[in-house]
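J.:
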Amino acid sequence: LSMYTTITERTREIGILRSLGASKQFIVRLIFQESAVVCLIGVVIGIGASFLIGRLVTVVFPTLTVLITDGWIARASAFALLSGIIGSLYPSLKAATQDPVEALAYE
4 LSMYTTITER TREIGILRSL GASKQFIVRL IFQESAVVCL IGVVIGIGAS
54 FLIGRLVTVV FPTLTVLITD GWIARASAFA LLSGIIGSLY PSLKAATQDP
104 VEALAYE
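Taking the numbering used here, I'd label the letters of the sequence shown as residues 4 to 110.
#1: Among the residues of its own chain, which have a CB less than 6 Å from the CB of V40, if the five just before and after it don't count?
#2: Could you give the first and the last residue of the continuous alpha helix (DSSP H) run that contains L33?
#3: Does the count of Cβ pairs from the region 52–71 and the region 11–19 closer than 8 Å reach three?
#4: Going by DSSP in three states, L85 sits in which element: helix, strand or coil?
#5: Pull up the distance between the alpha-carbon of T61 and that of E37, whole angstroms please.
#6: Thinking S91 and F35 are a contact (beta carbons under 8 Å), I'd like their distance in whole angstroms, please.
#7: Exposed or buried, what is P65 when buried is set at 16 or more other beta-carbons lying within 10 Å of its beta-carbon?
#8: Identify the continuous alpha helix (DSSP H) that holds R13 and give its terminal residues.
#9: Suppose the cutoff is 6 Å on Cβ atoms and the five residues either side in sequence are ignored; what does the same chain contact list for P94 look like?
#10: Could you check which residue in D102, A108, G45 has the C-alpha nearest to that of K27?
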């Protein structure tokens, strides 16, 4: 939903890129890269928050053990990145197939 909103807000920008000769593959790759960067930032923030919350839980409940392993971090990171890229598939294809003239007239 976030990437769809971003694409809708940037319709004119995408239209300008297309009218200047940007290929459909370039537009798709641009949106995928943006999505991957957003997901990567989310993964880093999520990992940091997980460690902070885990530490807080062990302070509040000393008998409770919070175990965050490298394997869990890797799986969660891969899932987040894959989900973000799959989630940006429809918006990127929609943006790539826009008619540049209609996109430039979009308000």
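Beta carbons are placed, not taken as given, at the ideal position from N, Cα and C, and that holds for glycine. Every value quoted in this text rests on a predicted model; they were computed, and no experiment measured them.
T.: If we stick to the structure as given:
#1: Within the sequence shown, numbered from 1, the residue matching residue 40 stands at position 37. Result list for V40: empty, nothing under 6 Å.
#2: Residue mapping note: residue 33 aligns to position 30 of the sequence shown, counting from 1. That run of the alpha helix (DSSP H) goes 27–63.
#3: no
#4: On the sequence shown, position 82 is the one that residue 85 refers to. In this structure, L85 counts as helix in the three-state DSSP scheme.
#5: Along the sequence shown, one-based indexing puts residue 61 at 58. Along the sequence shown, one-based indexing puts residue 37 at 34. Their Cα atoms are separated by approximately 36 Å.
#6: Counted from its first residue, the sequence shown places residue 91 at position 88. Counted from its first residue, the sequence shown places residue 35 at position 32. Rounded, the Cβ-Cβ distance is 6 Å, consistent with contact.
#7: As a working note, residue 65 is residue 62 in the sequence shown. Exposed, because fewer than 16 other Cβ atoms sit within 10 Å of the Cβ of P65.
#8: In the sequence shown, residue 13 corresponds to position 10, counting from 1. It is not in any alpha helix (DSSP H) - R13 carries neither H nor E in the DSSP assignment.
#9: If you number the sequence shown from 1, residue 94 lands on position 91. The answer, listed in chain order, is M6, Y7, I10.
#10: By one-based count along the sequence shown, residue 27 stands at place 24. Considering only alpha carbons, the answer is D102.
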